[in-house]
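A.B. asks: So the sequence lines, in the order shown, correspond to chains W and E. First residue of the first sequence: 19, per our numbering; consecutive thereafter. First residue of the second sequence: 2, per our numbering; consecutive thereafter. Using N, Cα and C, we set each Cβ at its ideal position, and we do this for glycine too. The model shown is predicted, which means the values in this text are computed figures rather than measured ones.
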Amino acid sequence: MTKMVTYPSGAIVPERDLGYTPVLEALHLGIDFGGLTAVDDFNLIVGKTEIAGLIGPNGAGKTTVFNLLTKVYQPTRGTILLDGQDTSKMTTVDANRAGIARTFQNIRLFNNLSVEDNVKVAMGKSYSYSTLGGIIRSPRYYRQEEEAHERALELLRIFDMQNLAETAAGNLPYGAQRRLEIIRALASRPKLLLLDEPAAGMNPVETQELMDNIIKIRDEFKIAVMLIEHDMKLVMGICEGIAVLNYGRIIAKGTPEQIKSNPEVIEAYLGKNREG
Amino acid sequence: MAKVTELLKNRFFSGKKVNRTVSYLLVIFGYVLMIILMKAGMLTSHFTSLLVPLTSYIVIAIALNLTVGFSGELSLGHAGFMGVGAFSAVIISGLLLPYVPNTTLRLIIAMLGAALVSSLFGAIIGIPVLKLEGDYLAIVTLAFNQIIKTIINSIYLGYDNNGIQISFVKNKLNLGEGAVTILKGPIGANGIKRISTFTAGFILILITLLVVYNLIYSRKGRDIMACRDNRIAAESVGINVTNIKLEAFVISAALAGCAGALYGLNYSTLTPAKFDYNLSIMILVYVVLGGLGNIAGTIISTVILYILPEQLRFLQDYRMIIYAVVLIGIMLLTNNSWFKVQYYKISKRIRKKMREKKGAAA
Chain W
19 MTKMVTYPSG AIVPERDLGY TPVLEALHLG IDFGGLTAVD DFNLIVGKTE
69 IAGLIGPNGA GKTTVFNLLT KVYQPTRGTI LLDGQDTSKM TTVDANRAGI
119 ARTFQNIRLF NNLSVEDNVK VAMGKSYSYS TLGGIIRSPR YYRQEEEAHE
169 RALELLRIFD MQNLAETAAG NLPYGAQRRL EIIRALASRP KLLLLDEPAA
219 GMNPVETQEL MDNIIKIRDE FKIAVMLIEH DMKLVMGICE GIAVLNYGRI
269 IAKGTPEQIK SNPEVIEAYL GKNREG
Chain E
2 MAKVTELLKN RFFSGKKVNR TVSYLLVIFG YVLMIILMKA GMLTSHFTSL
52 LVPLTSYIVI AIALNLTVGF SGELSLGHAG FMGVGAFSAV IISGLLLPYV
102 PNTTLRLIIA MLGAALVSSL FGAIIGIPVL KLEGDYLAIV TLAFNQIIKT
152 IINSIYLGYD NNGIQISFVK NKLNLGEGAV TILKGPIGAN GIKRISTFTA
202 GFILILITLL VVYNLIYSRK GRDIMACRDN RIAAESVGIN VTNIKLEAFV
252 ISAALAGCAG ALYGLNYSTL TPAKFDYNLS IMILVYVVLG GLGNIAGTII
302 STVILYILPE QLRFLQDYRM IIYAVVLIGI MLLTNNSWFK VQYYKISKRI
352 RKKMREKKGA AA
């Protein structure tokens with residue numbers, strides 16, 4: 019298991035990430051919906067190549083945190099630093115360009131586009147030819163489309179999906195759709211990849227494959243991964259740091275071992291022992 | 002030789018590119034057929050007079066399909082852009098008459114001008130509306146259509162030796178020597194020099210096909226369709242949805258303006274009342290019947306649905322009833338599950354045969 023070390027700021031990151039700026043620093047993040055405080059005082063630091071887990075009971079606010087980090091929601095309070103850059107006032111589009119990409123709990127693919135086109139759409143940063151260049155087919159168009167095609171196939175190979183490149187994304191089986199969402203997110207060259215329940219609906223064999231692939235992605239692209247997941251085998255198996263959320267607040271942070279034996283976490287999941 | 006056929010197949014007949022090849026072949030075949038029939042004297046003069054408006058409707062139907070089919074935004078006011086294009090072209094052509102005697106050159110300049118003006122209007126409408134999610138564009142374009150019709154209805158424009166004069170609502174033009182009035186309010190324009198030709202329409206269709214197909218098979222086209230399929234996901238991968246939708250809308254408006262220019266310069270008189278929402282709905286019917294996102298289908302349905310009511314004129318008062326019945330009939334037929342199953346079976350058999358051939362060759 020990775021050794022976790024403490025930063026001067028008090029943040030805990032994997033030892034290999036020492037000396038790098040943390041990829042994500044969320045400071046006192048909070049959001050209110052009308053009178054309801056959905057998330058409050060959310061503090062989290064994720065190391066440059068860390069695999070972090072965000073867990074908690076249903077309705078704890080995990081997806082809301084993802085929506086805050088990707089700027090789908092505008093935070094009421096607090097700051098988000100992405101690789102040292104303040105993204106708290108940015109739009110979703112700019113936050114993605116700054117280096118954050120995500121998948122969705124309820125799959126959101128471009129259903130009528132082919133698998134390959136789904137991946138190519140996310141490569142916005144790698145093209146520089148204009149609309150007019152596309153219409154008159156400039157030399158740059160041919161060069162960059164060729165590059166995009168190569169890179170899309172390369173990315174699809176991670177999940178062994180290169181043979182499905184021509185299929186419409188909406189016609190893929192459920193598991194393949196989840197994998198395609200991860201590939202699409204990767205295609206936008208993120209520094210931090212957010213996965214919202216990546217193993218939902220997968221069988222144990224597929225989940226094991228997914229775990230191997232998440233580690234492979236981290237090692238190959240040298241990026242941080244943060245995931246929401248209810249499958250504890252996956253969370254405890256690959257996450258180096260875990261944060262537990264309940265009623266919109268972090269109730270515990272630490273390594274998998276620390277979380278497993280934390281009485282507050284056990285209480286949040288299983289309820290209080292009446293006799294204890 | 003085998004390499005050449007392979008290259009041709011990959012370039013023109015693989016997957017989604019089939020639609021593009023079919024569109025081009027349809028248009029070229031239709032043009033050649035019409036020219037031959039015209040030279041042979043087998044077309045009535047009434048039918049010949051329908052050809053230029055037909056090409057103009059094909060162009061605007063393809064343009065509308067870009068907005069409705071590919072961008073997923075409902076526009077009920079494309080006749081407005083067509084009107085803007087038509088009257089801009091009439092004004093430009095009228096003003097340039099003494100300076101550019103060459104009709105082809107004047108037509109090209111008028112079309113470019115019309116495209117510019119209507120794309121400007123497209124941007125003015127698109128910028129505030131496309132920021133919103135939902136069907137607001139439908140309502141705003143419907144209103145725009147009416148506003149444009151009313152504005153053109155009240156413009157009086159003419160020139161004399163001293164320069165151009167323009168007045169609104171009432172004719173206050175005070176023209177001196179060498180006076181020419183171009184727009185006369187509700188009467189519109191008359192005495193237009195007819196410079197549109199069937200060949201010009203044919204070339205405009207080819208340009209439209211080139212623009213739309215090249216657009217949708219480039220990065221911007223993928224972005225346009227991605228924004229249609231899932232707005233939130235598109236934003237999450239760094240696509241500025243408003244800008245992309247605006248680009249599609251402006252390009253569509255520019256093409257609609259070109260179609261209007263072609264249409265307007267085909268008649269010696271042109272009234273603003275022509276470009277009301279009835280025309281918008283008619284073009285929308287062409288697009289929906291041809292298939293959203295299906296350009297070859299749009300071309301076919303435009304030809305059938307434009308020529309059909311014209312050929313039904315002998316039925317007099319019953320004409321539009323028959324037209325409506327035919328329309329409903331086509332809708333029912335194309336959505337009939339039995340026909341869909343048959344179509345699927347046939348296409349499956351063809352594909353199987355092609356695969357067997359490939360296997361035998363290898």
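Could you tell me the boundaries of the beta strand (DSSP E) in which Lys1(E) lies?
C.D. replies: As shown, chain E starts at 2 and ends at 363. That puts residue 1(E) outside it, with no answer to give.
A.B. asks: Which of the three DSSP states, helix, strand or coil, is assigned to Arg175(W)?
C.D. replies: Taking the first sequence and counting its residues from 1, one reaches residue 175(W) at position 157. Helix.
A.B. asks: Quick one: which residues of the stretch 323–346 of chain E get their C-beta closer than 8 Å to a C-beta of chain W? List them in chain order.
C.D. replies: none
A.B. asks: So for Gly179(E), helix, strand or coil by DSSP?
C.D. replies: Taking the first residue of the second sequence as position 1, residue 179(E) is located at position 178. The answer is coil: DSSP assigns Gly179(E) none of H, G, I, E or B.
A.B. asks: Mapping DSSP to helix, strand and coil, what is Gly51(W)?
C.D. replies: Working through the first sequence from its first residue, we reach residue 51(W) at position 33. According to the sequence displayed, residue 51(W) carries Phe and not Gly. Of the three classes helix, strand and coil, the one that applies to Phe51(W) here is strand, per DSSP.
A.B. asks: Would you report the Cα separation of Ile216(W) and Ile201(W), rounded to the nearest angstrom?
C.D. replies: Within the first sequence, numbered from 1, the residue matching residue 216(W) stands at position 198. Within the first sequence, numbered from 1, the residue matching residue 201(W) stands at position 183. Here residue 216(W) is Pro; the residue named in the question, Ile, does not match the sequence. So the alpha carbons of these two residues sit roughly 12 Å apart.
A.B. asks: Between Thr225(W) and the rest of its own chain, which residues show a CB-CB distance below 8 Å, the 5 nearest in sequence each way excluded?
C.D. replies: Here residue 225(W) is taken as the residue at index 207 of the first sequence, counted from 1. Counting only Cβ-Cβ distances below 8 Å, and skipping sequence neighbours, we find Ala217, Asp249, Lys251 and Leu252.
A.B. asks: Quick check: the stretch 118–130 of chain W against the stretch 174–181 of chain W, are there 3 or more CB pairs under 8 Å?
C.D. replies: They do not touch, by the three-pair rule.
A.B. asks: Can you say whether Asn279(E) is buried or exposed, counting buried as having 16 or more other CB atoms within 10 angstroms of its CB?
C.D. replies: Counting from 1 along the second sequence, the entry for residue 279(E) is found at position 278. Burial call: exposed.
A.B. asks: Run through chain E and tell me which residues come within less than 8 Å of Lys143(W), C-beta to C-beta.
C.D. replies: Mapped onto the first sequence, residue 143(W) falls at position 125. Residues of chain E passing the Cβ test: Gly239.
A.B. asks: Candidates Ile245(E), Thr272(E) and Val238(E): which alpha carbon is nearest Gly186(E)'s?
C.D. replies: Translated into positions along the second sequence, residue 186(E) becomes position 185. Of Ile245(E), Thr272(E) and Val238(E), the residue nearest in Cα terms is Thr272(E).
A.B. asks: Going along the chain, which residues of the stretch 242–258 of chain E sit with their C-beta nearer than 7 Å to a C-beta in chain W?
C.D. replies: Glu248
A.B. asks: Can the beta-carbon of Thr82(W) be found less than 8 Å from the beta-carbon of Ala56(W)?
C.D. replies: Against the first sequence, residue 82(W) aligns to sequence position 64. Against the first sequence, residue 56(W) aligns to sequence position 38. In this structure, Ala56(W) lies closer than 8 Å to Thr82(W) by Cβ.
A.B. asks: Compare the C-alpha of Lys275(E) against each of Lys194(E), Leu133(E), Ile153(E) and Ile225(E) and name the closest.
C.D. replies: Position 274 of the second sequence, counting from 1, holds the residue named residue 275(E). Answer by Cα proximity: Ile153(E).
A.B. asks: In the DSSP output, which residue or residues are listed as bridge partners for Asp214(W)?
C.D. replies: Residue 214(W) sits at position 196 when you count from the first residue of the first sequence. According to DSSP, Asp214(W) bridges with Ile246(W).
A.B. asks: Check whether the stretch 59–76 of chain E and the stretch 335–347 of chain E are in contact - that is, three or more C-beta pairs closer than 8 Å.
C.D. replies: The stretch 59–76 of chain E vs the stretch 335–347 of chain E: no contact.
A.B. asks: List the residues that DSSP assigns as beta-bridge partners of Asp161(E).
C.D. replies: Your numbering for residue 161(E) matches position 160 in the second sequence. Paired residue(s): Gly164(E).
A.B. asks: Could you compute how far the alpha carbon of Val283(W) sits from the alpha carbon of Val139(W)?
C.D. replies: Mapped onto the first sequence, residue 283(W) falls at position 265. Mapped onto the first sequence, residue 139(W) falls at position 121. Answer to the nearest angstrom: the Cα atoms are 40 Å apart.
A.B. asks: Within its chain, find whatever has a CB closer than 7 Å to the CB of Pro274(W); leave out the 5 residues flanking it on each side and keep chain order.
C.D. replies: Position 256 of the first sequence, counting from 1, holds the residue named residue 274(W). Cβ within range, chain order: Met254, Cys257 and Ile260.
A.B. asks: May I ask you to report which of helix, strand or coil DSSP gives Leu100(W)?
C.D. replies: Indexing the first sequence from 1 puts residue 100(W) at position 82. Leu100(W): strand per DSSP, three-state reduction.
A.B. asks: Just to make sure I have the definition right: I need the residues of chain E whose C-beta is within less than 9 Å of the C-beta of Leu127(W). Which are they?
C.D. replies: Counting from 1 along the first sequence, the entry for residue 127(W) is found at position 109. Correct list: Asp230, Asn231 and Ala234.
A.B. asks: Which residue's Cα is closest to the Cα of Gly73(E): Ala257(E), Ile300(E), Cys228(E) and Asp277(E)?
C.D. replies: Locating residue 73(E) in the second sequence gives position 72, where the first residue counts as 1. The shortest Cα separation from Gly73(E) among Ala257(E), Ile300(E), Cys228(E) and Asp277(E) belongs to Cys228(E).
A.B. asks: Which residues, in chain order, does the stretch 80–107 of chain E contribute to contact with chain W at a C-beta distance below 7 Å?
C.D. replies: none
A.B. asks: For Leu198(W) and Ala205(W), which I take to be in contact (beta-carbon distance under 8 Å), what is that distance rounded to the nearest angstrom?
C.D. replies: In the first sequence, counting from the first residue as 1, residue 198(W) sits at position 180. In the first sequence, counting from the first residue as 1, residue 205(W) sits at position 187. Not a contact, Cβ separation roughly 10 Å.
A.B. asks: Here's the rule: buried if 16 or more other CB atoms are within 10 angstroms of the residue's CB, otherwise exposed. What is Val348(E)?
C.D. replies: By one-based count along the second sequence, residue 348(E) stands at place 347. Checking the sequence, you will find Ser at residue 348(E) rather than Val. Ser348(E) comes out exposed.
A.B. asks: Is Gly294(W) helix, strand or coil when you go by DSSP?
C.D. replies: Within the first sequence, residue 294(W) is the residue found at index 276, counting from 1. Since pLDDT at Gly294(W) reaches only 48, below the 50 mark, its modelled position is unreliable, and the value read off the structure follows with that caveat. DSSP places Gly294(W) in coil when its eight states are reduced to three.
A.B. asks: Check each residue of the stretch 202–221 of chain E: if its Cβ is closer than 7 Å to any Cβ of chain W, include it; give the result in chain order.
C.D. replies: Val212, Asn215, Leu216, Ser219, Arg220 and Lys221
A.B. asks: In the DSSP assignment, what residue or residues form a beta bridge with Val31(W)?
C.D. replies: Taking the first sequence and counting its residues from 1, one reaches residue 31(W) at position 13. Note: Val31(W) sits in a beta bridge opposite Val23(W).
A.B. asks: Which residues in the same chain have their Cβ closer than 8 Å to the Cβ of Arg195(E), if we skip the five residues on either side of it in sequence?
C.D. replies: Reading the second sequence from its first residue, position 194 is the one you call residue 195(E). Here the set comprises Leu266, Asn267, Tyr268 and Ser269.
A.B. asks: Look at the Cβ atom of Leu143(E), then the Cβ atom of Leu247(E), and state whether they are nearer than 8 Å.
C.D. replies: Mapped onto the second sequence, residue 143(E) falls at position 142. Mapped onto the second sequence, residue 247(E) falls at position 246. Here Leu143(E) is not near Leu247(E), since their CB atoms are 8 Å or more apart.
A.B. asks: How about Ile284(E) and Gly291(E): are their beta carbons less than 8 Å apart?
C.D. replies: Taking the second sequence and counting its residues from 1, one reaches residue 284(E) at position 283. Taking the second sequence and counting its residues from 1, one reaches residue 291(E) at position 290. No.
A.B. asks: Applying the 10 Å Cβ sphere with the 16-neighbour rule, what's the burial state of Thr110(W)?
C.D. replies: For the purposes of this step, residue 110(W) is identified with residue 92 of the first sequence, where counting begins at 1. Around the beta carbon of Thr110(W), a 10 Å sphere encloses 16 or more other beta carbons of the protein chains shown; the residue is thus reported as buried.
A.B. asks: What is the rounded straight-line gap between the Cα of Val64(W) and the Cα of Leu45(W)?
C.D. replies: Mapped onto the first sequence, residue 64(W) falls at position 46. Mapped onto the first sequence, residue 45(W) falls at position 27. Spanning the two alpha carbons is a distance of roughly 12 Å.
A.B. asks: Express the C-alpha separation of Phe84(W) and Thr299(W) in angstroms, rounding to a whole number.
C.D. replies: Because residue 299(W) is not part of the residues shown, which for chain W are 19 to 294, the question remains open.
A.B. asks: Taking all protein chains shown into account, decide if Leu36(W) is buried (16 or more other Cβ within 10 angstroms of its Cβ) or exposed.
C.D. replies: For the purposes of this step, residue 36(W) is taken as the residue at position 18 of the first sequence. Exposed, since its Cβ has fewer than 16 Cβ neighbours within 10 Å.
A.B. asks: Return no unless some Cβ of chain E is closer than 8 Å to the Cβ of Asp135(W).
C.D. replies: Numbered from 1 along the first sequence, position 117 holds the residue referred to as residue 135(W). Closer than 8 Å to some Cβ of chain E, the Cβ of Asp135(W) qualifies, so yes.
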